[in-house]
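> Below you'll find the structure I mean.
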Amino acid sequence: MFYGTGNADNLVTGQLIENSPLLTLEWENNNSGKSYQVKTQLTGAYNLDNILAAICIGVYFGLSDDEINNGVESYQPKNNRSQIVQTATNTLICDYYNANPSSMFVAIENIGKINANRKVLILGDMFEMGEESAAEHKALIKKAMETPVDERIFIGKDFFQGGSTMDHGPWTMDKKPQFYKTVEDSIKGLKANPIKNSTILIKGSRGMALERLVELF
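Residues 94 to 310, numbered by the numbering used here, are exactly what the sequence shown covers, in order.
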């Protein structure tokens with residue numbers, strides 16, 4: 094039982110055709126040769142493998158293609174993991190259940206690929222990183238600065254410390270990030286400088302409680 098983005102020997106193959114920010118994919122049942130387009134309620138290009146795995150399991154256990162498509166289209170995350178929240182003026186990608194360097198990296202990379210007029214990164218500290226904390230937070234600041242978004246906001250003492258000790262050379266005025274030492278400080282800043290008409294990724298460790306920011310958007 095195999096799945097993937099290529100290789101006709103796989104039971105299921107598929108590819109993303111839209112990420113704006115909800116994913117639309119095209120998949121093919123290689124047993125029947127039939128292909129389908131499915132619009133999901135998930136975001137994050139990194140979820141393609143998860144979706145194809147679910148489709149493959151459905152095919153293996155004999156579900157009809159219609160049953161599989163209905164299941165994929167109807168699934169809506171409600172656990173603060175890549176959850177989409179639409180407000181009056183913004184689209185929020187709420188992903189603050191947990192955070193580690195690899196999940197932060199792919200989330201940052203994904204918002205860079207999303208089709209949206211204006212994109213904002215709001216990143217909170219990663220907890221329990223031990224001796225690697227300073228280096229990992231700096232690496233994520235660098236990744237965020239290299240990613241094509243319009244605004245970058247970092248929250249927490251580790252990001253704050255990382256930003257204060259990095260070379261600010263490439264941070265031009267139109268690309269200058271904002272650092273807040275605490276969530277409370279960020280709430281004050283966001284109230285003074287509200288964000289509108291944007292697609293916003295909010296991601297950080299659960300202990301940061303970044304859900305407190307949602308009402309500001």
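Here a beta-carbon is modelled for each residue, glycine too, at the ideal position from N, C-alpha and C.
Since the structure is predicted, the reported quantities are computational estimates derived from the model, not experimental observations.
Leaving out five residues before and five after Ile246 in sequence, what residues of the same chain have Cβ atoms less than 6 Å from its Cβ?
Mapped onto the sequence shown, residue 246 falls at position 153. Cβ within range, chain order: Ile215, Gln271.
> Could you tell me which of Ser257, Ile280, Glu202 sits nearest to Asn140, measuring between CA atoms?
Here the question's residue 140 lines up with position 47 in the sequence shown. Considering only alpha carbons, the answer is Glu202.
> Can you tell me whether Thr258 is buried or exposed, with buried defined as 16 or more other CB within 10 angstroms of its CB?
The residue you call residue 258 lines up with position 165 of the sequence shown. Thr258 comes out exposed.
> So if DSSP puts Gly217 in a beta bridge, which residue, or which two residues, is it bridged to?
Within the sequence shown, the letter at position 124 stands for residue 217. According to DSSP, Gly217 bridges with Ile248.
> Out of Gly282, Leu115, Phe95, state which residue places its alpha-carbon closest to the alpha-carbon of Thr184.
To locate residue 184, count along the sequence shown from 1; it is residue 91. When each option's Cα is compared against that of Thr184, the closest is Leu115.
> Near Lys212, which residues of its chain fall below 7 Å by C-beta distance, leaving aside the five closest residues on each side in sequence?
Stepping through the sequence shown from its first residue, residue 212 is reached at position 119. The residues are Ile204, Val242, Asp243, Ser291, Thr292.
> Throw me the rounded Cβ distance for the Ser195 and Thr136 pair, which I believe falls under 8 Å.
Residue 195 sits at position 102 when you count from the first residue of the sequence shown. Residue 136 sits at position 43 when you count from the first residue of the sequence shown. Their Cβ separation, rounded to whole angstroms, is 17 Å, which puts Ser195 and Thr136 out of contact at 8 Å.
> Taking buried to mean at least 16 other C-beta atoms within 10 Å of its own C-beta, is Gly126 buried or exposed?
Here the question's residue 126 lines up with position 33 in the sequence shown. When all chains shown are included, Gly126 counts as exposed.
> Taking only runs of the alpha helix (DSSP H) that begin and end inside the segment 163-222, which ones reach a length of at least 4 residues, in chain order?
If we require 4 residues or more, the alpha helix (DSSP H) runs fully inside the segment 163-222 come out as 194-206.
> Tell me, please, which residues DSSP counts as bridged to Ile293.
Residue numbering aside, residue 293 sits at position 200 when the sequence shown is read from its first letter. Per DSSP, Leu185, Val213.
> For Lys206, I'd like the list of residues in its chain whose CB is within less than 7 Å of its CB, leaving aside the five on either flank, ordered along the chain.
Your numbering for residue 206 matches position 113 in the sequence shown. The residues are Asn112, Ala138.
> In this structure, what does DSSP give as the bridge partners for Gly107?
Position 14 of the sequence shown holds residue 107. In the DSSP output, where bridge partners are listed per residue, Gly107 has Trp120.
> Among all the DSSP beta bridges, which residues are the ones paired with Phe272?
In the sequence shown, the residue the question calls residue 272 occupies position 179. Paired residue(s): Phe247.
> By the 10 Å Cβ neighbour count, where 16 or more other Cβ atoms means buried, how is Tyr171 classified, buried or exposed?
Position 78 of the sequence shown, counted from the first residue, corresponds to residue 171. Reading the sequence as shown, one finds Lys at residue 171 and not Tyr. Exposed: under 16 other Cβ atoms inside 10 Å.
> Determine whether the beta carbon atoms of Met222 and Met197 lie at a separation below 8 Å.
Position 129 of the sequence shown, counted from the first residue, corresponds to residue 222. Position 104 of the sequence shown, counted from the first residue, corresponds to residue 197. No, they are not a contact pair.
> Given this structure, state the Cα-to-Cα distance separating Glu224 from Thr98, to the nearest angstrom.
For the purposes of this step, residue 224 is taken as the residue at position 131 of the sequence shown. For the purposes of this step, residue 98 is taken as the residue at position 5 of the sequence shown. Their Cα atoms are separated by approximately 38 Å.
> Beta strand (DSSP E) containing Val131: first to last residue?
On the sequence shown, position 38 is the one that residue 131 refers to. Per DSSP, Val131 belongs to the beta strand (DSSP E) from 127-136.
> Rank Leu294, Asn173, Ala192 by C-alpha distance to the C-alpha of Glu229 and give the top, closest one.
Within the sequence shown, numbered from 1, the residue matching residue 229 stands at position 136. Checked all of Leu294, Asn173, Ala192; the closest Cα to Glu229 is Ala192.
> Could you name the residues that DSSP lists as bridge partners for Gly282?
Position 189 of the sequence shown holds residue 282. For Gly282, which the question treats as bridged, DSSP gives no partner whatsoever.
> Report yes if the C-beta distance between Leu283 and Ile295 is below 8 Å; otherwise report no.
Position 190 of the sequence shown, counted from the start, is the residue given in the question as residue 283. Position 202 of the sequence shown, counted from the start, is the residue given in the question as residue 295. Taking 8 Å as the Cβ cut-off, Leu283 and Ile295 do not qualify as a contacting pair.
> Would you report the Cα separation of Phe252 and Asn100, rounded to the nearest angstrom?
Position 159 of the sequence shown, counting from 1, holds the residue named residue 252. Position 7 of the sequence shown, counting from 1, holds the residue named residue 100. Cα-Cα distance, rounded: 42 Å.
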